[in-house]
Ligand code: CA
C-alpha cells in the first residue's frame with residue numbers, strides 16, 4: 223500500500239543561476255520537488271507539461287519574458303503561477319496586463335513568505351478542482367430549505383433566489399461542500415479569500431457570517447444552518 227504522500231512539484235523559471243539554485247535548495251528542504259528552467263522558452267515548454275503543481279516565474283527572462291510565458295500557459299493550463307518580480311512597479315503590470323497570474327512576490331523576499339504563498343496557492347487550486355468536479359456533476363446541493371447550484375452560482379431558499387455576492391457564495395459553497403465540518407476563521411480566510419485573505423482581517427469572516435445569517439436564517443440570532451463552534455469557528459449543517 224502506498225502511504226507516502228507524493229511530493230508537490232514546483233517549476234522555477236529563473237535565469238539568474240544563484241537565485242534559481244537557492245530557490246531550488248530551499249524548496250527541496252521544505253519538502254517540494256523542484257526543477258529549474260533558465261529561460262522563458264524552456265520555462266513555457268515545461269510549465270505546460272502538466273507535471274507541476276505550481277510555477278514560480280521571473281519576469282525579465284531570455285527568449286520570452288515572464289508575462290508572455292504566463293499568457294501562453296493560461297491558454298492551456300490553470301496551474302497556479304506566482305510571479306517573482308525584481309521591482310516593486312512590476313507588480314502593477316502583473317495584474318494590469320491581465321496575465322492570469324495568481325500571485326506575486328517582490329525580490330528580495332523572505333523564503334518564509336514565499337512558502338506561505340506557495341501553500342495557499344496550491345491548496346486553493348486543489349479546492350477549485352474539487353469544486354469544478356462537483357459542478358461538472360451538475361447536481362445542485364440541497365441542505366434543508368437551501369439549494370446551492372454551483373453551475374449557476376445560485377443559492378435559493380424555498381425556491382426563492384438569494385442575492386449573494388461572489389464571496390458570500392464562495393463562503394457558503396465551501397462550507398456546504400464540507401457539511402458539518404468546523405473551520406477556524408484563519409482557515410476560512412485562506413480557503414475562501416485565498417492569498418488576499420492571508421493578509422486579510424479575520425473579522426471579514428465574522429462580517430460575512432453575519433451577512434449570510436441575515437439572508438439564510440429565519441432568525442439570524444438563533445441560527446439553524448450557519449453555526450458557531452465555540453473555540454473553533456464556523457460550520458454549516460442541515461437543521
Ligand atoms: Ca531575470
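In this note's numbering, the protein residues as written are 223 to 461.
Even glycine gets a Cβ: it sits at the ideal position worked out from N, Cα and C.
Name the DSSP beta bridge partners of residue 449, please? Paired residue(s): 457.
Considering only the beta carbon of each residue, do residue 281 and residue 274 sit closer than 8 Å? Result no, Cβ atoms of residue 281 and residue 274 do not sit closer than 8 Å.
Local conformation of residue 331 per DSSP, three classes: Here residue 331 sits in coil by DSSP.
Could you tell me the alpha carbon to alpha carbon distance between residue 413 and residue 398, rounded to whole angstroms? If you draw a straight line from the Cα of residue 413 to the Cα of residue 398, it comes to about 13 Å.
Who pairs with residue 383 in a beta bridge, going by DSSP? Looking at the DSSP assignment, residue 383 forms a beta bridge with 378.
Going by other Cβ atoms of all chains shown within 10 Å of its Cβ, with 16 needed for buried, is residue 386 buried or exposed? With 16 or more Cβ atoms within 10 Å of its Cβ, residue 386 is classed as buried.
C-alpha distance - residue 357 paired with residue 373, whole-angstrom precision: Note that residue 357 scores 49 on pLDDT, short of 50, meaning its location in the model is unreliable and no value can be drawn from it.
Per DSSP, what kind of secondary structure is residue 234 in: helix, strand or coil? Of the three classes helix, strand and coil, the one that applies to residue 234 here is strand, per DSSP.
In whole angstroms, give me the CA-to-CA distance for residue 382 and residue 461. Roughly 18 Å separates the two Cα atoms.
When you compare only the Cα positions, how much space is there between residue 268 and residue 248? Roughly 20 Å between the two C-alpha positions.
In the DSSP assignment, what residue or residues form a beta bridge with residue 280? 306, per the DSSP bridge assignment.
Could you check whether residue 242 and residue 258 sit closer than 8 Å to each other, using their CB atoms as the reference points? Closer than 8 Å, so yes.
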